[in-house]
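Trainee: When we follow the working numbering, the leftmost residue of the sequence shown carries the number 14, and every step to the right adds one. Even for Gly, the Cβ is constructed at its ideal location relative to N, Cα and C. Here you go, one structure.
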Amino acid sequence: MADHPLRRRPHLVSGGGIVALEGALVVVLGLSLILGISWGTVTLPIGEVWGVVGSHLGWSDTTPTPVQDQIIWQFRTPRVLLAAVVGGALSLAGACLQVLARNPLADPYVLGVSSGAAFGAVLASIAGWTAIAGLGISGAAFVSALLTLLLVFVLAQRRGQVGPTRLVLAGVAISYLATAGTSFLQLYTNPLELRGIMFWILGSLANARWDDLGIPTVVMVAAMVWLLGRSRALDVMSAGDDAASALGVAVNGFRIELLVVSSLLTATAVAVSGGIGFVGLMVPHAARFVVGPGHRRMLPVAVLGGAWFMVLVDLASRIADRPNELPVGIFTAGFGAPFFLVLLRRSGRNAA
Numbered sequence: 014m015a016d017h018p019l020r021r022r023p024h025l026v027s028g029g030g031i032v033a034l035e036g037a038l039v040v041v042l043g044l045s046l047i048l049g050i051s052w053g054t055v056t057l058p059i060g061e062v063w064g065v066v067g068s069h070l071g072w073s074d075t076t077p078t079p080v081q082d083q084i085i086w087q088f089r090t091p092r093v094l095l096a097a098v099v100g101g102a103l104s105l106a107g108a109c110l111q112v113l114a115r116n117p118l119a120d121p122y123v124l125g126v127s128s129g130a131a132f133g134a135v136l137a138s139i140a141g142w143t144a145i146a147g148l149g150i151s152g153a154a155f156v157s158a159l160l161t162l163l164l165v166f167v168l169a170q171r172r173g174q175v176g177p178t179r180l181v182l183a184g185v186a187i188s189y190l191a192t193a194g195t196s197f198l199q200l201y202t203n204p205l206e207l208r209g210i211m212f213w214i215l216g217s218l219a220n221a222r223w224d225d226l227g228i229p230t231v232v233m234v235a236a237m238v239w240l241l242g243r244s245r246a247l248d249v250m251s252a253g254d255d256a257a258s259a260l261g262v263a264v265n266g267f268r269i270e271l272l273v274v275s276s277l278l279t280a281t282a283v284a285v286s287g288g289i290g291f292v293g294l295m296v297p298h299a300a301r302f303v304v305g306p307g308h309r310r311m312l313p314v315a316v317l318g319g320a321w322f323m324v325l326v327d328l329a330s331r332i333a334d335r336p337n338e339l340p341v342g343i344f345t346a347g348f349g350a351p352f353f354l355v356l357l358r359r360s361g362r363n364a365a
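Structure, rendered in structure tokens:
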């Protein structure tokens with residue numbers, strides 16, 4: 014019997030090397046955060062930037078001007094931190110969905126979850142809703158993401174089985190439908206707000222504020238702790254329903270749990286950053302290739318990798334065409350689309 018595609022990849026690091034790798038990723042993430050805060054659309058001296066940051070952290074007696082404080086502390090710093098959180102959350106969501114679907118092509122963007130969450134968030138924003146499930150726009154995005162993923166799985170089933178090809182096709186179809194709905198809503202949008210909505214749909218962290226960090230951070234950390242606690246169940250689920258049931262995993266209940274966790278991760282990320290695609294596809298695959306398929310090893314590497322990757326991509330979106338700013342989704346799609354095609358080609362060859 015052929016191995017499942019999620020378990021067949023070789024890995025480069027094992028044993029004590031994994032601890033060293035995680036330490037290196039923490040250092041890379043720290044350096045990425047420093048670069049992200051130091052550089053931006055507006056060019057400022059490095060000493061001036063960190064003088065402002067230090068004045069807020071208590072290790073500098075610099076007195077920033079109101080403009081310096083607004084650019085560096087109110088806009089740039091929370092944006093960089095939120096980029097790291099969003100990258101980690103999307104990577105976790107992708108890892109969940111790849112186990113849930115047992116399909117290496119699954120991620121929040123490919124399965125239409127990002128588009129569905131974006132539709133809910135834009136609908137709530139345009140309709141002026143202030144409280145949905147206690148979370149506002151995030152609540153609307155969560156409900157819409159959950160309904161989207163449920164619909165995709167219903168459409169992908171045949172005789173009680175979810176086929177990998179049907180799952181991807183159903184996700185693409187629902188993604189187009191949600192995108193069409195979002196485009197329709199834009200017809201009723203104030204023209205002055207249209208550019209901002211379009212920018213948000215393509216993925217942007219330009220509106221990040223300190224208040225935006227709380228919910229996504231809590232969701233990501235809670236999901237990470239829960240997934241690590243269920244790492245054994247994740248491992249056996251990757252081998253198939255029969256193997257998971259034989260080893261004591263309540264397959265249907267665990268699927269529902271993964272459905273909720275992946276939807277919550279995606280919804281909270283989309284609500285603050287828009288439709289950023291392919292991060293959940295690329296990063297878990299890269300982590301699995303490096304440290305192997307075991308989720309207790311793979312998940313921390315995926316979260317750290319997704320965090321620094323998103324910080325650097327957001328930095329590129331700010332400095333590539335200064336003083337203009339480009340949507341983050343353009344860069345992630347530029348990396349992710351070729352990656353997806355390579356995986357699609359490999360999946361087709363393995364199926365043959």
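Measuring straight from C-alpha to C-alpha, what distance separates Val32 and Arg243?
Mentor: By 1-based counting over the sequence shown, the position of residue 32 is 19. By 1-based counting over the sequence shown, the position of residue 243 is 230. Approximately 20 Å, taken between the alpha carbons.
Trainee: What does a CB cutoff of less than 8 Å around Ala346 pick up in its chain, not counting 5 residues either side in sequence?
Mentor: The residue you call residue 346 lines up with position 333 of the sequence shown. Result list for Ala346: Gly290 and Phe291, in chain order.
Trainee: Where does Asp120 land, buried or exposed, given buried means 16+ other C-beta within 10 angstroms?
Mentor: Within the sequence shown, the letter at position 107 stands for residue 120. Buried is the call here.
Trainee: Could you spell out where the alpha helix (DSSP H) holding Phe267 opens and where it closes?
Mentor: Translated into the one-based positions of the sequence shown, residue 267 becomes position 254. Taken as a continuous stretch (DSSP letters only), the alpha helix (DSSP H) holding Phe267 covers Val264 to Ser286.
Trainee: Taking Leu25 as the reference, give the member of Arg301, Gly253 and Gly194 with the closest Cα.
Mentor: Within the sequence shown, the letter at position 12 stands for residue 25. Comparing Cα positions, the closest option is Arg301.
Trainee: Identify every residue that forms a DSSP beta bridge with Arg331.
Mentor: The sequence position of residue 331 within the sequence shown is 318, counting from 1. BP columns for Arg331 are empty, so no partner.
Trainee: Taking the beta carbon of Thr143 as the centre, do at least 16 other beta carbons fall within 10 Å, making it buried, or is it exposed?
Mentor: To locate residue 143, count along the sequence shown from 1; it is residue 130. Confidence is the limiting factor: at Thr143 the pLDDT is only 48, short of 50, which leaves the residue's position unreliable, though a coordinate-based value still follows. The residue in question, Thr143, is exposed, as its Cβ has fewer than 16 Cβ neighbours within 10 Å.
Trainee: Would you call the segment 333-349 and the segment 265-282 in contact, with 3 or more CB pairs under 8 Å?
Mentor: The segment 333-349 is not in contact with the segment 265-282.
Trainee: By the three-class DSSP mapping on this structure, what secondary structure does Arg171 have?
Mentor: Your numbering for residue 171 matches position 158 in the sequence shown. Three-state DSSP puts Arg171 in a strand.
Trainee: Under a three-way DSSP split, which group does Gly125 fall into?
Mentor: Within the sequence shown, numbered from 1, the residue matching residue 125 stands at position 112. Gly125: coil per DSSP, three-state reduction.
Trainee: Quick check on the DSSP output: the alpha helix (DSSP H) that includes Pro306 runs from which residue to which?
Mentor: In the sequence shown, the residue the question calls residue 306 occupies position 293. Note, Pro306: premise wrong, no alpha helix (DSSP H); not H, not E.
Trainee: With distances taken from CA atoms, which of Ala333, Leu42, Val273 and Arg335 is nearest Leu160?
Mentor: Working through the sequence shown from its first residue, we reach residue 160 at position 147. Of Ala333, Leu42, Val273 and Arg335, the residue nearest in Cα terms is Val273.
Trainee: Check whether the segment 88-103 and the segment 210-227 are in contact - that is, three or more C-beta pairs closer than 8 Å.
Mentor: Yes, the segment 88-103 is in contact with the segment 210-227.
Trainee: Candidates Gly287, Pro313 and Gly288: which alpha carbon is nearest Ala299's?
Mentor: Within the sequence shown, numbered from 1, the residue matching residue 299 stands at position 286. Out of Gly287, Pro313 and Gly288, Pro313 has the C-alpha closest to the C-alpha of Ala299.
Trainee: Please state whether the Cβ-Cβ distance between Leu215 and Pro336 is less than 7 Å.
Mentor: Here residue 215 refers to the residue found at position 202 of the sequence shown. Here residue 336 refers to the residue found at position 323 of the sequence shown. Not closer than 7 Å, so no.
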